[in-house]
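Below: the structure, in structure tokens.
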Amino acid sequence: MTESFHRKPSPEPVVAFQKAEMQPILDVYGRLVIAGEARDYAIGMERDVATFAIFRRHAESPTWRIEKEPALAHRQGQYAVYGSAGQVLRRGRDLKQVLRVFDTRRFTIVR
Numbered sequence: 748m749t750e751s752f753h754r755k756p757s758p759e760p761v762v763a764f765q766k767a768e769m770q771p772i773l774d775v776y777g778r779l780v781i782a783g784e785a786r787d788y789a790i791g792m793e794r795d796v797a798t799f800a801i802f803r804r805h806a807e808s809p810t811w812r813i814e815k816e817p818a819l820a821h822r823q824g825q826y827a828v829y830g831s832a833g834q835v836l837r838r839g840r841d842l843k844q845v846l847r848v849f850d851t852r853r854f855t856i857v858r
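All you need for our numbering is the position in the sequence shown, starting with 1, plus 747.
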């Protein structure tokens, strides 16, 4: 008697942050937590974009979103930081340069 195993087709590949990308993102998040500007985070992985969302409070929409969208790598750059209203705070090809937006205090949180 032969058993047949039916494998489900593998799901479509998703975009994710690599380990080397997560370290600078978590460094920024840690600094925001220490400063009292962040309390929680969420990571989302979809077919075309990976998102690291930073929340000021648990039940709110994210204050900042760090996104990786490889489809834009050769055009605008695959990394972007968005503010709470969806505005692009910084975009580029190098993640560390994009995350430098958190080093400056050119923006404030509007409550």
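Heads up, the beta-carbon is just placed ideally off N, CA and C, and yes, glycines get one too.
In the DSSP assignment, alanine 797 is bridged to Met792, Lys815.
Taken atom to atom, the span from the alpha-carbon of arginine 786 to that of proline 771 is near 17 angstroms.
For the pair methionine 792 and valine 761, the CB atoms are nearer than the 9 angstroms cut-off.
Counted as a single uninterrupted DSSP element, the stretch harbouring alanine 785 is not any beta strand (DSSP E), since DSSP gives it neither H nor E. With contacts defined as CB atoms closer than 9 angstroms, tyrosine 826 and arginine 812 fail to qualify as a contacting pair. Per DSSP, valine 845 is one residue of the alpha helix (DSSP H) stretching across 842 to 846. Linking glutamine 844 to alanine 782 through their CA atoms gives a straight-line distance of about 21 angstroms.
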